[in-house]
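Engineer: Here it is, the structure, as structure tokens.
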Amino acid sequence: MDYGKTLNLLQTDFPMRGNLPQAEPGMQQHWEEIDIYSKVQESRKGKPKFILHDGPPYANGDIHIGHALNKVLKDIIVRFKTMQGYDAPYVPGWDTHGLPIEQAVANNDKIDRKKMSVHEFREYCKDYALQSVERQKAQFKRLGVRGDWNNPYITLQPKYEAQQIRVFGEMVNKGYIYKGLKPVYWSPSSESALAEAEIEYQDKTSTSVYVAFQVKDGKGKLPEDASIVIWTTTPWTLPANLGISLHPDFEYALVEVEGKKYVVAQGLLEAVSKEIGWTDVKVLFQIKGSELEHVLCQHPFYDRTSLVMVGDHVTLEAGTGCVHTAPGHGEDDFVIGQRYNLGVLCPVDDQGHFTAEAPGFEGMFYDKGNKVITEMLKESGHLLHMSLIQHQYPHDWRTKKPVIFRATEQWFASVDKFREEMLEEIKKVKWTPAWGEVRLHNMIADRGDWCISRQRVWGVPIPIFYGRNSNVPLVNKETIEHVAQIFEREGSNAWFQKDASELLPEGTVCPISGDTEFRKETDIMDVWFDSGSSHVAVLETRDELEWPADLYLEGSDQYRGWYNSSLITGVAVHGQSPYKGILSHGFTLDGEGRKMSKSLGNTIDPNKVCDKLGADILRLWVSSVDYQSDVRISDNILNQITEVYRKIRNTLRFLLGNLSDFNPTADRVAPDQMNELDRFALARLNRMTDRVIKAYDAYEFHIVYQSVHHFCAVEMSAFYLDIIKDRLYASAPSDSGRKAAQTVLYDALTVITKLIAPILPHTADEVWKYIPGTELDSIQLSELPEVDTTLFDEKMESKWEQFIVVRDDVLKALEDARKEKMIGNSLGAAVHLYPNAEQAQLIAGLEQLEQLFIVSAVEVHEAGTTAPEGARSSKGLSVQVKIAEGEKCERCWNVTKDVGLDAKHPTLCKRCAEVIKLRAEV
Numbered sequence: 013m014d015y016g017k018t019l020n021l022l023q024t025d026f027p028m029r030g031n032l033p034q035a036e037p038g039m040q041q042h043w044e045e046i047d048i049y050s051k052v053q054e055s056r057k058g059k060p061k062f063i064l065h066d067g068p069p070y071a072n073g074d075i076h077i078g079h080a081l082n083k084v085l086k087d088i089i090v091r092f093k094t095m096q097g098y099d100a101p102y103v104p105g106w107d108t109h110g111l112p113i114e115q116a117v118a119n120n121d122k123i124d125r126k127k128m129s130v131h132e133f134r135e136y137c138k139d140y141a142l143q144s145v146e147r148q149k150a151q152f153k154r155l156g157v158r159g160d161w162n163n164p165y166i167t168l169q170p171k172y173e174a175q176q177i178r179v180f181g182e183m184v185n186k187g188y189i190y191k192g193l194k195p196v197y198w199s200p201s202s203e204s205a206l207a208e209a210e211i212e213y214q215d216k217t218s219t220s221v222y223v224a225f226q227v228k229d230g231k232g233k234l235p236e237d238a239s240i241v242i243w244t245t246t247p248w249t250l251p252a253n254l255g256i257s258l259h260p261d262f263e264y265a266l267v268e269v270e271g272k273k274y275v276v277a278q279g280l281l282e283a284v285s286k287e288i289g290w291t292d293v294k295v296l297f298q299i300k301g302s303e304l305e306h307v308l309c310q311h312p313f314y315d316r317t318s319l320v321m322v323g324d325h326v327t328l329e330a331g332t333g334c335v336h337t338a339p340g341h342g343e344d345d346f347v348i349g350q351r352y353n354l355g356v357l358c359p360v361d362d363q364g365h366f367t368a369e370a371p372g373f374e375g376m377f378y379d380k381g382n383k384v385i386t387e388m389l390k391e392s393g394h395l396l397h398m399s400l401i402q403h404q405y406p407h408d409w410r411t412k413k414p415v416i417f418r419a420t421e422q423w424f425a426s427v428d429k430f431r432e433e434m435l436e437e438i439k440k441v442k443w444t445p446a447w448g449e450v451r452l453h454n455m456i457a458d459r460g461d462w463c464i465s466r467q468r469v470w471g472v473p474i475p476i477f478y479g480r481n482s483n484v485p486l487v488n489k490e491t492i493e494h495v496a497q498i499f500e501r502e503g504s505n506a507w508f509q510k511d512a513s514e515l516l517p518e519g520t521v522c523p524i525s526g527d528t529e530f531r532k533e534t535d536i537m538d539v540w541f542d543s544g545s546s547h548v549a550v551l552e553t554r555d556e557l558e559w560p561a562d563l564y565l566e567g568s569d570q571y572r573g574w575y576n577s578s579l580i581t582g583v584a585v586h587g588q589s590p591y592k593g594i595l596s597h598g599f600t601l602d603g604e605g606r607k608m609s610k611s612l613g614n615t616i617d618p619n620k621v622c623d624k625l626g627a628d629i630l631r632l633w634v635s636s637v638d639y640q641s642d643v644r645i646s647d648n649i650l651n652q653i654t655e656v657y658r659k660i661r662n663t664l665r666f667l668l669g670n671l672s673d674f675n676p677t678a679d680r681v682a683p684d685q686m687n688e689l690d691r692f693a694l695a696r697l698n699r700m701t702d703r704v705i706k707a708y709d710a711y712e713f714h715i716v717y718q719s720v721h722h723f724c725a726v727e728m729s730a731f732y733l734d735i736i737k738d739r740l741y742a743s744a745p746s747d748s749g750r751k752a753a754q755t756v757l758y759d760a761l762t763v764i765t766k767l768i769a770p771i772l773p774h775t776a777d778e779v780w781k782y783i784p785g786t787e788l789d790s791i792q793l794s795e796l797p798e799v800d801t802t803l804f805d806e807k808m809e810s811k812w813e814q815f816i817v818v819r820d821d822v823l824k825a826l827e828d829a830r831k832e833k834m835i836g837n838s839l840g841a842a843v844h845l846y847p848n849a850e851q852a853q854l855i856a857g858l859e860q861l862e863q864l865f866i867v868s869a870v871e872v873h874e875a876g877t878t879a880p881e882g883a884r885s886s887k888g889l890s891v892q893v894k895i896a897e898g899e900k901c902e903r904c905w906n907v908t909k910d911v912g913l914d915a916k917h918p919t920l921c922k923r924c925a926e927v928i929k930l931r932a933e934v
């Protein structure tokens, strides 16, 4: 007889290899065919809602690894919340206006921008954006992200644009929108104003100069042969200089150096002397900054004066304590200039070239002006020192070119009017990580008014009209709603296709000027106003969603971006934050911790990862990292993740293979009918489940990853499954001990599969099809396992945890014997234990030690018995390995003295012979 065929060996069609790159697309196609998203939503109808509002990625180009990190994190949360029993819809979105798309279309050789109207050009932009949406949508779906892909929100959709107009209108009605001449970040490379969120800081080499402004009228405080010394790293702004700012409370020193007199802050005199190279410095007297107010200095190269003013913005951190002030090129300069009625001079045009208001430099690009101006200052004797410094300088985040501060007429949202409300709302938000609260609080507390106008064409127009005769702005509830309704029907392109009269209610008259004819504003809104309005345009308009959202989840750069703009519009319109919680993640780096860039060749393309390894591998990587900081990814890291995936998959396959004859309804064994090892395994399973669910709830997915991996690799494969193999394979199929073990395996299988489902949806759904007794079409329709705390028994668990330490010592002794060629596998061994009193008590409480150690015989010697020479000793236990006495059973491979007792089966042990008889009777 072939006794091998009488063993209960693994039986499953679940493949050992996942072949994820080939299997996942077919699975995704199946999900689409059965409309799994709708099925999931229908199954959760009426449940409490959990709303994760998607921050819209920009519709330009393919997705990168940062997109993948973000979208997978969101998907893990939504899937977990759904399985937790929430109605958790996910509506993906896209940001589709703005300069990158405008530039991409303009750079297309097939499109002649100059030969088409604005609305025709905008149609090209729209087509480009929608094509990008479709490309990115397919890539996000390939990652296994579940959502309402057939009905996403897109910021260029007419209904969205209409709601954005209404948000703007509500802010107008509350007095938060105004037009003003103020210095703003201006990008010559983009020819547009920029918001703070569109600025990034990069290293830049700048010209540092110390310049002497000779006193013209000292007001009796300073001699006319003295000069006030200023320091600047932007010499090109000197043509716009109208004054010099001092701090009212600082002491200023009049010093004499080589027969010339200069004024600098006393607190910076030593540093200035060292930088300029002054050696013999004589302090003539000191005077408070406040006493020098209204002193007049001569501009170094124009026939006008520069007024000395006092302000608290002056510091002793760098420079001379005497600040060159050009109200047209700096926020602090503008503010103090307004206080002293200096006026605003900004002699630089949209493209960064000097205008006629800067005589001698007209037409020159501002940056080239640095050299010409410094040479002029040197020739005239006003230049005291020049050097080059490298520092962090603001750049346009799209063009990567430096920006300037430039005073222009722009539309602003007045943050000051509701700043305190926003700061109060920040306190109510749940922040993960906790430092996010401080970060956004400081940004809101310190930020200036929001410049919302842009001098571009691809975006939502600012819905304001001007009287043709008076130029008085016209905007009110009626005009806003009229424009909103037109946009809702036709889209914002109507603004560029229709005359002002067609966009206004019939018979409109300006209540201020009496104008009846109007022209349209030509500026569009900052794209951050687009996405910042999404909570109104999406959450308030879709039946399945709710306002405010439970969670916003984006990268840490969004504290200055989407989190910021959404809070402003939310508090401005509703007096409340649009989000209850913020969760932010770090950036992706390569394996060595370097920023990814194409030039370094260290980028990881998520699309290629899916093609080579599978989306589930990428998703498992996402779960493995502590994403609240910057995270690393490389081919080596992904290979390590693949090994972890194989361990989890193989564990699930082992569980499935041992359940082919298990009926979960008829064959279950109650815990109180199990032996203690099985009950310990169930306790550990429930401990792990409790830990994992709490980790999911806390968004600590790396703990989920670690816990599941450890449970599969250590607590299951290396311990419990290892021990019960003999019981599973060699016992009679209907043996109660085998059915008890199968019950544990079934529970472990269903629990692990459900717990990994949010992270590994493809693998979990694949496993689900093979689990006995499942009725639902997909694991996505199931709910998370409940933790059975009645299985917890701290005393019993502590005993088995201590035993695991003992078992490890025995396994090490067996490994030594194997290396010494004493035994082949462990069943050829007999183990002799020499415990101390404590270990003896522990071992005495355990049964079937042979099975626990997977050996053929165990002899426990009395406590205190001296172990023979050569025994392996550690912590109160010595282990000696001998060759087991008896014959090897042909069927189970145990070495026993009862092999051959049954004459019909002379090569079998007593247990196996009885099993064969039972199988024959069946």
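Numbered according to our numbering, the sequence shown spans residues 13 to 934. The C-beta atom is built at its ideal place from N, Cα and C for all residues, glycine as well. Quick caveat, the model's predicted, so the values are computed rather than measured.
1. How would you label Y564, buried or exposed, when you count the other beta carbons within 10 angstroms and need 16 or more for buried?
2. From K380 to H365, what does the alpha carbon distance come to, in whole angstroms?
3. Ends of the alpha helix (DSSP H) at E432?
4. If E787 and K61 are in contact, beta carbons under 8 Å, what's the gap, nearest whole angstrom?
5. Going by Cα to Cα distance, which pick from K186, Y708, A370 and L296 is closest to A265?
6. Which partner residues of A224 appear in the DSSP bridge assignment?
7. Leaving out five residues on either side along the sequence, give the residues of the same chain with a beta carbon under 6 Å from the beta carbon of F417.
8. Would M128 be called buried (16 or more neighbouring beta carbons within 10 Å of its own) or exposed?
9. Could you check if D647 is buried or exposed, using at least 16 other CB atoms within 10 Å of its CB as the buried criterion?
10. With DSSP as the reference, label S426 as helix, strand or coil.
11. Ordered along the chain, which non-local residues of its own chain (more than five positions away) have a Cβ less than 6 Å from that of A742?
12. Reducing DSSP to helix, strand and coil, say where Y188 ends up.
13. Please check the pair K737 and D679, which I expect to be a contact at CB under 8 Å, by giving their CB distance rounded to whole angstroms.
14. Buried or exposed: where does Q792 fall if 16 or more other Cβ atoms within 10 Å of its Cβ makes it buried?
15. Could you check the C-alpha separation between V223 and H397 for me, to the nearest Å?
16. Roughly how many angstroms separate the alpha carbons of T444 and T167, rounded to a whole number?
17. Tell me G479's beta-bridge partners as DSSP assigns them.
18. For T18, write down the residues that DSSP places opposite it in a beta bridge.
19. Can you list, in chain order, the residues of its chain whose CB lies under 6 Å from that of T908, leaving out five sequence neighbours each side?
20. Can the beta-carbon of G331 be found less than 8 Å from the beta-carbon of L258?
21. For G526, count the other beta carbons within 10 Å of its own beta carbon; 16 or more makes it buried, fewer makes it exposed. Which is it?
22. Looking at S596 and Y717, is the spacing between their C-beta atoms short of 8 Å?
23. By how many angstroms is the C-alpha of E437 removed from the C-alpha of M808?
24. Distance check for F377 and E287, CA to CA, integer angstroms please.
25. Assuming contact is defined by CB atoms lying nearer than 8 Å, are T411 and S201 in contact in what I supplied?
26. What do you reckon, are the CB atoms on F430 and A584 nearer than 8 Å?
27. Counting C-beta neighbours from all protein chains within 10 Å, is the total for W423 16 or more, i.e. buried, or is it exposed?
28. Find the nearest neighbour of G78 within the set V539, P618, I385 and G503, judged by alpha-carbon distance.
29. Can you tell me where the alpha helix (DSSP H) with V90 in it begins and where it stops?
30. What does W780 pair with, by DSSP beta-bridge criteria?
31. Provide the residue span of the alpha helix (DSSP H) that contains D408, from first to last.
32. Taking all protein chains shown into account, decide if R158 is buried (16 or more other Cβ within 10 angstroms of its Cβ) or exposed.
33. I536 and V621 look like a contact to me (Cβ under 8 Å); what is the Cβ gap, rounded to whole Å?
34. Grouping DSSP H, G and I as helix and E and B as strand, with all else coil, what is M537?
35. Give the DSSP-derived three-state secondary structure of W462 in the structure shown.
36. Kindly indicate the opening and closing residues of the alpha helix (DSSP H) around R501.
Structural biologist: In terms of the structure at hand:
1. The residue you call residue 564 lines up with position 552 of the sequence shown. It counts as buried.
2. Start at 1 with the first residue of the sequence shown, and residue 380 comes out as number 368. Start at 1 with the first residue of the sequence shown, and residue 365 comes out as number 353. Their Cα atoms are separated by approximately 9 Å.
3. The count along the sequence shown starts at 1 and reaches residue 432 at position 420. E432 -> alpha helix (DSSP H) spans R431 to K440.
4. Along the sequence shown, one-based indexing puts residue 787 at 775. Along the sequence shown, one-based indexing puts residue 61 at 49. Going by Cβ atoms, the distance from E787 to K61 rounds to 26 Å, so no, they are not a contact pair.
5. Locating residue 265 in the sequence shown gives position 253, where the first residue counts as 1. Among K186, Y708, A370 and L296, the Cα nearest to that of A265 belongs to L296.
6. If you number the sequence shown from 1, residue 224 lands on position 212. In the DSSP output, where bridge partners are listed per residue, A224 has V241.
7. Numbered from its first residue, the sequence shown carries residue 417 at position 405. These residues qualify, in order along the chain: P195, H341 and G342.
8. As a working mapping, residue 128 is identified with position 116 in the sequence shown. Exposed, since its Cβ has fewer than 16 Cβ neighbours within 10 Å.
9. On the sequence shown, residue 647 is found 635 positions in, with the first residue counted as 1. D647 should be labelled exposed.
10. Taking the first residue of the sequence shown as 1, we reach residue 426 at position 414. Three-state result, S426: coil.
11. Numbered from its first residue, the sequence shown carries residue 742 at position 730. For A742, where only same-chain residues beyond five positions count, the Cβ hits under 6 Å are C904.
12. As a position in the sequence shown, residue 188 is number 176, starting the count at 1. Y188: coil per DSSP, three-state reduction.
13. Translated into positions along the sequence shown, residue 737 becomes position 725. Translated into positions along the sequence shown, residue 679 becomes position 667. Between K737 and D679, the beta carbon gap of about 19 Å keeps them out of contact (Cβ cut-off 8 Å).
14. Sequence index remark: in the sequence shown, residue 792 carries index 780 (1-based). Looking at its Cβ environment, which holds 16 or more other Cβ atoms inside 10 Å, Q792 is buried.
15. Within the sequence shown, numbered from 1, the residue matching residue 223 stands at position 211. Within the sequence shown, numbered from 1, the residue matching residue 397 stands at position 385. About 7 Å.
16. The count along the sequence shown starts at 1 and reaches residue 444 at position 432. The count along the sequence shown starts at 1 and reaches residue 167 at position 155. The alpha-carbon atoms of T444 and T167 are separated by roughly 27 Å.
17. By one-based count along the sequence shown, residue 479 stands at place 467. In the DSSP output, where bridge partners are listed per residue, G479 has F530.
18. Position 6 of the sequence shown holds residue 18. For T18, which the question treats as bridged, DSSP gives no partner whatsoever.
19. Reading the sequence shown from its first residue, position 896 is the one you call residue 908. G898 and C921.
20. Counting from 1 along the sequence shown, the entry for residue 331 is found at position 319. Counting from 1 along the sequence shown, the entry for residue 258 is found at position 246. Their beta carbons are not under 8 Å apart, which means G331 does not touch L258 by this criterion.
21. Here residue 526 refers to the residue found at position 514 when the sequence shown is read from its first residue. Answer is exposed; the Cβ neighbour count stays below 16.
22. Within the sequence shown, the letter at position 705 stands for residue 717. Within the sequence shown, the letter at position 584 stands for residue 596. Against a cut-off of 8 Å, the Cβ pair of S596 and Y717 comes out as no contact.
23. Taking the sequence shown and counting its residues from 1, one reaches residue 808 at position 796. Taking the sequence shown and counting its residues from 1, one reaches residue 437 at position 425. So the two alpha carbons sit approximately 49 Å from each other.
24. The residue given as residue 287 occupies position 275 in the sequence shown. The residue given as residue 377 occupies position 365 in the sequence shown. Each residue's Cα considered, the two are about 29 Å apart.
25. Locating residue 411 in the sequence shown gives position 399, counting from the first residue. Locating residue 201 in the sequence shown gives position 189, counting from the first residue. Against a cut-off of 8 Å, the Cβ pair of S201 and T411 comes out as a contact.
26. In the sequence shown, the residue the question calls residue 430 occupies position 418. In the sequence shown, the residue the question calls residue 584 occupies position 572. The answer is yes: Cβ separation under 8 Å.
27. Position 411 of the sequence shown, counted from the start, is the residue given in the question as residue 423. Per the 10 Å Cβ criterion, buried.
28. Position 66 of the sequence shown, counted from the first residue, corresponds to residue 78. Closest by alpha carbon: P618.
29. Translated into positions along the sequence shown, residue 90 becomes position 78. It spans I77 to M95 - the alpha helix (DSSP H) in which V90 sits, taken as one unbroken run.
30. Position 768 of the sequence shown, counted from the start, is the residue given in the question as residue 780. BP columns for W780 are empty, so no partner.
31. Mapped onto the sequence shown, residue 408 falls at position 396. That residue, D408, is in no alpha helix (DSSP H); its beta strand (DSSP E) goes L395 to D408.
32. Your numbering for residue 158 matches position 146 in the sequence shown. Looking at its Cβ environment, which holds 16 or more other Cβ atoms inside 10 Å, R158 is buried.
33. Residue 536 sits at position 524 when you count from the first residue of the sequence shown. Residue 621 sits at position 609 when you count from the first residue of the sequence shown. Actually they are not in contact, since the Cβ atoms of I536 and V621 sit about 37 Å apart, beyond 8 Å.
34. As a first step, residue 537 is located in the sequence shown; it is residue number 525 there, counting from the start. Strand at M537.
35. Residue mapping note: residue 462 aligns to position 450 of the sequence shown, counting from 1. In this structure, W462 counts as strand in the three-state DSSP scheme.
36. As a first step, residue 501 is located in the sequence shown; it is residue number 489 there, counting from the start. Start and end: K489 to E502.
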